[in-house]
Amino acid sequence: MGKHRNSTYIIELHDVWPASMDKIADDIANLQDWGVQNLVLGVVPGLFSTEDGDFLAQLQQWQEQGFELMVHGWKHQSDLDLPRSFCGRALQKITANEAEFAGLSKKDATKLLHHSYEHWEKLGLGQAVGFVAPTWWGSANIVAEALQLWPWVESRFALYSQDINLSSIAFSFAGFPPQISALALRISMFGVGLINSVPRLVLHPGDTKRNFAPLLRKSVENWLVHRKAFKFNVIS
Ligand SMILES: [Zn+2]
Numbered sequence: 185m186g187k188h189r190n191s192t193y194i195i196e197l198h199d200v201w202p203a204s205m206d207k208i209a210d211d212i213a214n215l216q217d218w219g220v221q222n223l224v225l226g227v228v229p230g231l232f233s234t235e236d237g238d239f240l241a242q243l244q245q246w247q248e249q250g251f252e253l254m255v256h257g258w259k260h261q262s263d264l265d266l267p268r269s270f271c272g273r274a275l276q277k278i279t280a281n282e283a284e285f286a287g288l289s290k291k292d293a294t295k296l297l298h299h300s301y302e303h304w305e306k307l308g309l310g311q312a313v314g315f316v317a318p319t320w321w322g323s324a325n326i327v328a329e330a331l332q333l334w335p336w337v338e339s340r341f342a343l344y345s346q347d348i349n350l351s352s353i354a355f356s357f358a359g360f361p362p363q364i365s366a367l368a369l370r371i372s373m374f375g376v377g378l379i380n381s382v383p384r385l386v387l388h389p390g391d392t393k394r395n396f397a398p399l400l401r402k403s404v405e406n407w408l409v410h411r412k413a414f415k416f417n418v419i420s
């Protein structure tokens with residue numbers, strides 16, 4: 185495992201669903217232009233079905249190019265009728281109700297995971313490589329349940345499989361103003377050389393066109409030079 189711990193990175197693109205398709209396609213084209221060959225796409229199963237033929241065909245095409253698909257929550261929008269802990273309710277406010285799993289009981293969280301898994305099964309995309317909860321909040325509580333369904337599960341600071349827990353910090357700029365994003369990027373460029381872990385750069389639709397894109401490009405190129413891509417399927 186030493187090899188993986190010291191020489192790998194992951195670049196993810198989250199919030200993939202039919203309505204974000206145009207932005208995602210642009211981001212992928214930009215990332216490829218910057219030299220990225222391996223990407224993990226966080227796809228939200230509850231927002232499409234087998235009737236979305238064009239979207240499914242595009243996902244399959246990306247899979248054929250070697251991109252890996254991860255299940256990203258159920259609908260990426262919290263069901264506000266479900267009971268939640270005080271903390272889970274507070275998190276809805278700061279995440280615009282996107283922290284779908286935050287503060288749920290184990291029973292309700294497990295039910296949502298199964299909705300996701302069973303719906304995905306019908307889509308003909310093969311097995312997803314893993315699961316990542318929207319905004320990551322609440323993910324620490326669902327690792328064991330999610331690992332019953334998928335080979336890998338992400339939290340904000342780690343990647344879990346049945347056999348391995350990897351230290352892995354997610355660098356993400358969702359909802360940050362440009363100055364903060366630029367700062368976070370500078371830290372990520374610094375961090376990628378130092379941290380003994382598998383760092384994740386997690387992008388959201390349109391990130392490669394935001395005004396920090398030149399810095400993002402530099403950061404991505406830095407990652408590519410210093411690290412090898414981590415493939416979930418390789419060591420699962
Ligand atoms: Zn998301």
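In terms of the working numbering, the sequence shown is numbered consecutively and its last residue is 420. Note that CB positions come from ideal geometry on N, CA and C, so glycine has one too.
Around the beta carbon of residue 264, fewer than 16 other beta carbons lie within 10 angstroms, which makes this residue exposed.
A distance below 8 Å between beta-carbons, with the five flanking residues on each side excluded, links residue 342 to the following residues of its chain, in chain order: 349, 350, 351 and 352.
Straight across, the Cα-Cα distance linking residue 289 with residue 280 is about 20 Å. Annotation for residue 408: 219 place their beta carbon closer than 6 Å to its own, counting only its chain and skipping 5 residues before and after.
A direct Cα-Cα distance of roughly 5 Å separates residue 269 from residue 287.
Distance check between residue 328 and each of 356, 275, 294 and 321 places 294 closest, using alpha-carbon atoms only. Per DSSP, reduced to three states, the secondary structure at residue 302 is helical. Annotation: residue 223 to residue 297 spans about 23 Å, alpha carbon to alpha carbon. For a cut-off of 8 Å, the C-beta gap from residue 260 to residue 282 is around 6 Å, short enough to register as a contact. When C-alpha distances from residue 231 are compared across 203, 403, 254 and 210, the shortest belongs to 203. Sorting 306, 383 and 192 by C-alpha distance to the C-alpha of residue 240 places 306 at the top. In this chain, the alpha helix (DSSP H) harbouring residue 246 covers 237-248. At a cut-off of 8 Å, the beta-carbon of residue 226 counts as near ligand 1: some heavy atom of the ligand is closer than that.
Note that the C-beta distance between residue 254 and residue 272 is not below 9 Å. Taking 9 Å as the cut-off, the beta carbon of residue 214 is found closer than this to the beta carbon of residue 393. Within the segment 278-323, the complete beta strand (DSSP E) segments of 3 residues or longer fall at 314-316, listed in chain order. About 11 Å separates the CB atoms of residue 404 and residue 355; that is not less than 8 Å, and the two are not in contact. No heavy atom of ligand 1 is found nearer than 8 Å to the CB of residue 383.
Around residue 266, the same chain offers 288 and 292 as residues with beta carbons nearer than 7 Å, after the five sequence neighbours per side are excluded.
For residue 195, no alpha helix (DSSP H) segment is defined; the enclosing uninterrupted segment is the beta strand (DSSP E) at 192-200. Our two residues, residue 388 and residue 199, have alpha carbons roughly 6 Å apart in a direct line. Approximately 7 Å separates the beta-carbon atoms of residue 252 and residue 415; this is inside 8 Å, confirming the contact.
Boundaries of the beta strand (DSSP E) around residue 384: 384-387.
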